[in-house]
Amino acid sequence: MTKANFISFEGPEGAGKTTVIQSVLPEIEKLTQKPVLLTREPGGNAMAEAIRNLLKVQTEPAIDSWTEVFLLAASRREHVIQTILPALKAGHVVVSDRYLDSSLAYQGGGRGLGLEKVQKINDFAIMDPKTGQAVMPELTIYLDLPVAEGLERIFKNRTDKIDRLDQESLAFHEKVRQSYLALAEDNPKRIKRVDATQSKEKVLEDVKAIIAKNWR
671 MTKANFISFE
681 GPEGAGKTTV
691 IQSVLPEIEK
701 LTQKPVLLTR
711 EPGGNAMAEA
721 IRNLLKVQTE
731 PAIDSWTEVF
741 LLAASRREHV
751 IQTILPALKA
761 GHVVVSDRYL
771 DSSLAYQGGG
781 RGLGLEKVQK
791 INDFAIMDPK
801 TGQAVMPELT
811 IYLDLPVAEG
821 LERIFKNRTD
831 KIDRLDQESL
841 AFHEKVRQSY
851 LALAEDNPKR
861 IKRVDATQSK
871 EKVLEDVKAI
881 IAKNWR
């Protein structure tokens, strides 16, 4: 089994990704016996974070959906070139809070632009310039949660951090979730689904078990 040196975490709004990632980082360090780089998307370095800040701002009129795709792809390219590839080549384990699957689910599915079209644009963003190969996680943990429950968690616990994606319609978020589920079904070896409706303890137990399986 290929050991997962690049791990991404995905999930709809309110799934608890950040909490889970912070909780399992020590387990990843213990299992891999390697330095672990924690990063995120959009973001991960100065240029990518600048694009993140731009995307987070509520704009009027709203950002065109394809502009959103291109900005995210540009941010991802900088993330790959400046952050992910150097860390992997230095022998580190990279843990990313979101990666390509987010664009496929949110823009391809949620915005209705099509997963294949968004994938084609991102093929350039994730390409290793030396090998021409796609830079993809060996393991993606998808925290699955019904839309209504996720949004309820957000508006109850994160009222000071509500952004423009959080405020999208229920139908938008449902399309995002269905896209994630489709991606998980199409990529069973890489994407592992975890039921995020469970207790925090059980979610962490399941995530740790998945990571351990990929390192033993």
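Residue numbers (my numbering): 671 to 886.
Every residue, glycine too, gets a C-beta built ideally from N, C-alpha and C.
Remember, predicted model here, so these are calculated numbers, not experimental data.
query: Proximity winner among R722, K870, G820, relative to A744 (alpha-carbon distances); result: R722
query: Cβ pair P712, L815 closer than 8 angstroms; result: no
query: M671 versus E871: straight-line alpha-carbon distance, rounded; result: Here M671 scores only 49 on pLDDT, less than 50, and its place in the model should not be relied on; the value that follows carries that caveat. One C-alpha to the other measures close to 27 angstroms.
query: C-beta contact flag for R768 and S678 at 8 angstroms; result: yes
query: R747 - DSSP class collapsed to helix/strand/coil; result: helix
query: Cβ pair V739, V805 closer than 8 angstroms; result: no
query: Assigned exposure category for D771 - 16 Cβ within 10 Å defines buried; result: buried
query: 8 angstroms Cβ cutoff met for L755 and D798; result: yes
query: Length at least 3, wholly inside the stretch 797 to 873: the beta strand (DSSP E) runs in chain order; result: 809 to 814, 861 to 865
query: Best match in E819, Q868, S869, I861 for proximity to I881 [C-alpha to C-alpha]; result: I861
query: Under 8 angstroms between C-beta atoms of V764 and I698; result: no
query: Sequence-distant residues of the same chain with beta carbon closer than 8 angstroms to I751, five excluded per side; result: P799
query: I721, enclosing alpha helix (DSSP H) - first and last residue; result: 716 to 726
query: Anticipated Cβ contact below 8 angstroms, A795 with R747, distance rounded; result: 4 angstroms
query: Beta-carbon separation (whole angstroms), D876 vs V864, contact threshold 8 angstroms; result: 5 angstroms
query: Environment of P858 [buried if 16+ CB atoms lie within 10 Å]; result: exposed
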